[in-house]
Amino acid sequence: MPEKGYVDIHAHIIPGVDDGSKNMDESVKMLEMAYNQGIRTIYATPHYGSGKERYDSDYLTEQYELLKEKAAGVGDAGIELLLGNEIYYRHGTLEELKSGQALTMNNTKYVLVEFNVDIRYKELYSALQKLVLAGYRPILAHIERYFCLQKKFELLYAVKNLGVCMQINASSVIPKLNSEASFCRKAIREGYISFLGSDCHRTEWRPPCMEDAVKVLTKKTPEMIIDRILYKNTVKLYNNEFI
Ligand SMILES: [Fe+2]
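Letter by letter, the sequence shown follows residues 169 to 411 of the working numbering.
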């Protein structure tokens, strides 16, 4: 584990704002589960723009502040809770980012963004390019879900070259949890992936499994790549530096 613990950059842990945690009790249980998996920093990323969100920004800020306090008291070391959004890209996303309605990751230029799973590659590329040209640094959420990218390493290469970071769900590298686990591990091993995230929604819906994922990955992934994904890139994200 990195000295400061793992960083989870994708979590639906703020209560009552999307299809994630239902209430504060569940959120605290999720924090405890994350802590036990070695996670010490979490970016809370409630859905924005997908229709799964149910918050106004004042309510979101209030719930975030409440949970942030509770997170600091979890375990011996506490968890640092930061705020972002998982933004469903659509017409108007750039304006919503510029106005501050849609949130970047902890006020950096990094933006966690998702698309429909059956989006065509050209559309995906062009949307990501628009974000890059507007000065944002997209983090494409759970890349293993997009049919157009599955097993297409040349397309992963092109997306990465555009200046896009890619995230894979921690559970997706574990064979018993995902039939595409070997594709995910290969994409990580070959250096296409910048981050792991839990994408946790509930205590029983994709709970954090970072430690388990790392155990699976360490078997074949070069140490340098593991270090980059788990530590170096998360520090760069935090400091708003280029990855
Ligand atoms: Fe998500």
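All C-beta atoms, glycine included, are put in the ideal place defined by N, C-alpha and C.
Small disclaimer: the values here were computed from a predicted structure and weren't measured.
What is the C-beta distance between residue i and residue j, in whole angstroms, given that I count them as a contact (C-beta under 8 Å)?
i	j	result
residue 277	residue 256	Residue 277 to residue 256, Cβ: 19 Å. No contact.
residue 376	residue 362	Wrong, their Cβ atoms sit about 19 Å apart, outside the cutoff.
residue 189	residue 370	6 Å
Applying the criterion that 16 or more other CB atoms from any shown protein chain within 10 Å of the CB defines a buried residue, is residue i buried or exposed?
i	result
residue 314	buried
residue 144	With the chain covering 169 to 411 only, the question about residue 144 has no answer from this structure.
residue 229	exposed
residue 325	exposed
With DSSP collapsed to three states, give me the class of residue i.
i	result
residue 335	strand
residue 352	helix
residue 182	coil
residue 321	helix
residue 345	coil
residue 211	strand
residue 361	coil
residue 411	coil
residue 226	helix
residue 398	helix
Taking the continuous beta strand (DSSP E) assigned at residue i, which residues delimit it?
i	result
residue 251	248-251
residue 372	From DSSP, residue 372 is part of no beta strand (DSSP E); its letter is neither H nor E.
Looking at the unbroken alpha helix (DSSP H) that takes in residue i, where does it start and where does it end?
i	result
residue 381	378-386
residue 330	Taken as a continuous stretch (DSSP letters only), residue 330 belongs to no alpha helix (DSSP H), as it is neither H nor E.
residue 220	Taken as a continuous stretch (DSSP letters only), residue 220 belongs to no alpha helix (DSSP H), as it is neither H nor E.
Report the residue ranges of all alpha helix (DSSP H) runs contained in full by the segment 233-301; include only those spanning at least 4 residues, in chain order.
-> 261-267, 289-301
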